[in-house]
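J.: A single structure is presented below for examination.
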Amino acid sequence: MGAIYYKTENEIQKIHQSSLNVSNTLAEVGKSIEPGISTAELDKIAESYIISQGAKPAFKGYKGFPFTLCISVNAQVVHGMPGAYKLKEGDIVSVDCGAVKDDFYGDSAYTFAVGRISEEAKQLLRVTKESLKLGVEAAVEGGRLGDICASVQQYAEKYKYGIVRELVGHGIGRSLHEGPDVPNYGKRGNGMKLMRGLVIAIEPMINMGRKEVIQEDDGWTITAKDGLPSAHFEHTVAIAKGKPEILTTFELIEQTKAAQL
Ligand code: MG
Ligand code: MG
Numbered sequence: 003m004g005a006i007y008y009k010t011e012n013e014i015q016k017i018h019q020s021s022l023n024v025s026n027t028l029a030e031v032g033k034s035i036e037p038g039i040s041t042a043e044l045d046k047i048a049e050s051y052i053i054s055q056g057a058k059p060a061f062k063g064y065k066g067f068p069f070t071l072c073i074s075v076n077a078q079v080v081h082g083m084p085g086a087y088k089l090k091e092g093d094i095v096s097v098d099c100g101a102v103k104d105d106f107y108g109d110s111a112y113t114f115a116v117g118r119i120s121e122e123a124k125q126l127l128r129v130t131k132e133s134l135k136l137g138v139e140a141a142v143e144g145g146r147l148g149d150i151c152a153s154v155q156q157y158a159e160k161y162k163y164g165i166v167r168e169l170v171g172h173g174i175g176r177s178l179h180e181g182p183d184v185p186n187y188g189k190r191g192n193g194m195k196l197m198r199g200l201v202i203a204i205e206p207m208i209n210m211g212r213k214e215v216i217q218e219d220d221g222w223t224i225t226a227k228d229g230l231p232s233a234h235f236e237h238t239v240a241i242a243k244g245k246p247e248i249l250t251t252f253e254l255i256e257q258t259k260a261a262q263l
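Structure below.
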């Protein structure tokens, strides 16, 4: 875990700008998600869009990652690499995007449906997104970090899903990843106190089957060990009084066909 930095209102505004850029990018990508499109094509769409808005892709070059998006299909959990793979009817596809402008980062992810998907996959997407919503609702001033973690965990575990342990949410600001770690499991009332100035990315990674994951030979892709589908949703959120300030938005994304269940 990296150091924790509290942001000024002006800095939170900058994170908000980058976060909206990411949200708009995910909506652009969502419009193009259909059977037959390659994940490399989606990556190009995202890269051109981010640059057209005067921002820069945050992932490209991060620890040597060569792409704008992480695209993780079906059993792939996160950090999938765009490439020649063409999406097929029935796939679920997690698209994770980061952007940076004026030295501040935004980060968000959404899992889309390619054409018609199974009822089981629909439930996985709904539950993962709802677990994010519950986690976000707990991200308020005066609460504890563990409240967020427990909210995600309790909801996802009701469905007997596997909650990935190896990868977690994070603080965000002048760096894509800062402290604190924001796991998707934990105990209510535990952990650091949530205060204004803290900005975090909350990102449940939920497996339909067991929680164990493996890393693929490409050195990046994380995949569910049992080969069952996995979903991932992420918001960048500023801690505020009473109600969290969600800096990313799914509003435009959810107008695309691939976000309809
Ligand atoms: Mg992300
Ligand atoms: Mg993140």
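So the sequence shown is numbered by this note's numbering: it starts at 3 and just counts up by one. A virtual CB, placed ideally from N, CA and C, is assigned to each residue, including glycine.
Throw me the rounded Cβ distance for the Leu126 and Ile208 pair, which I believe falls under 8 Å.
T.: That belief holds up - the Cβ atoms of Leu126 and Ile208 are roughly 7 Å apart, short of 8 Å.
J.: Between which two residues does the beta strand (DSSP E) holding Glu180 run?
T.: Element bounds for Glu180: Glu180 to Val184.
J.: For Glu43, which residues of its own chain have a beta-carbon under 8 Å away from its beta-carbon, when the five flanking residues on both sides are left out?
T.: Taken in chain order, the residues that qualify are Ser34.
J.: On a Cα-Cα basis, can you pick out the residue from Tyr7, Glu139, Leu230 and Gly171 that is closest to Ser120?
T.: Of Tyr7, Glu139, Leu230 and Gly171, the residue nearest in Cα terms is Leu230.
J.: So what's Ile174 in DSSP terms, helix, strand or just coil?
T.: Looking at Ile174 - three-state DSSP - the assignment turns out to be coil, as it is neither helix nor strand.
J.: With a threshold of 16 other CB atoms inside 10 Å of the CB of Ser50, please say whether the residue is buried or exposed.
T.: That one is exposed.
J.: Decide yes or no for the touch test of the region 96 to 104 against the region 211 to 226: beta carbon pairs closer than 8 Å, at least 3 of them.
T.: Contact fails: fewer than three Cβ-Cβ distances are below 8 Å.
J.: Using C-beta distances below 8 Å, list every residue in its chain close to Leu134, excluding the 5 sequence neighbours before and after it, in chain order.
T.: Closer than 8 Å at the Cβ level, and outside the excluded window around Leu134, lie Val154, Ile204, Glu205, Pro206, Phe235, Glu236 and His237.
J.: Take the Cβ of Ala264 as the centre, count every other Cβ of all protein chains shown within 10 Å, and call the residue buried at 16 or more, exposed below.
T.: In the structure as shown, the chain begins at 3 and stops at 263. Residue 264 is therefore absent and cannot be evaluated.
J.: Taking the straight line between their C-alpha atoms, what separation do you get for Gly32 and Asp149?
T.: Spanning the two alpha carbons is a distance of roughly 31 Å.
J.: What is the DSSP secondary structure of His237, counted as helix, strand or coil?
T.: In the structure shown, His237 sits in a strand (DSSP, three-state: E or B).
J.: Below 8 Å on the Cβ atoms is my contact criterion, and I expect Val170 with Ile17 to pass it. Report the Cβ-Cβ distance as a whole number of Å.
T.: Between Ile17 and Val170 the Cβ distance is about 19 Å, and since that is not below 8 Å, they are no contact.
J.: From Gly145 to Tyr163, what distance separates their C-alpha atoms?
T.: Between Gly145 and Tyr163, the C-alpha separation is close to 26 Å.
J.: Can the beta-carbon of Phe252 be found closer than 8 Å to that of Tyr112?
T.: Yes. Within cutoff.
J.: What would DSSP say about Val80, mapped onto helix, strand or coil?
T.: Three-state DSSP puts Val80 in a strand.
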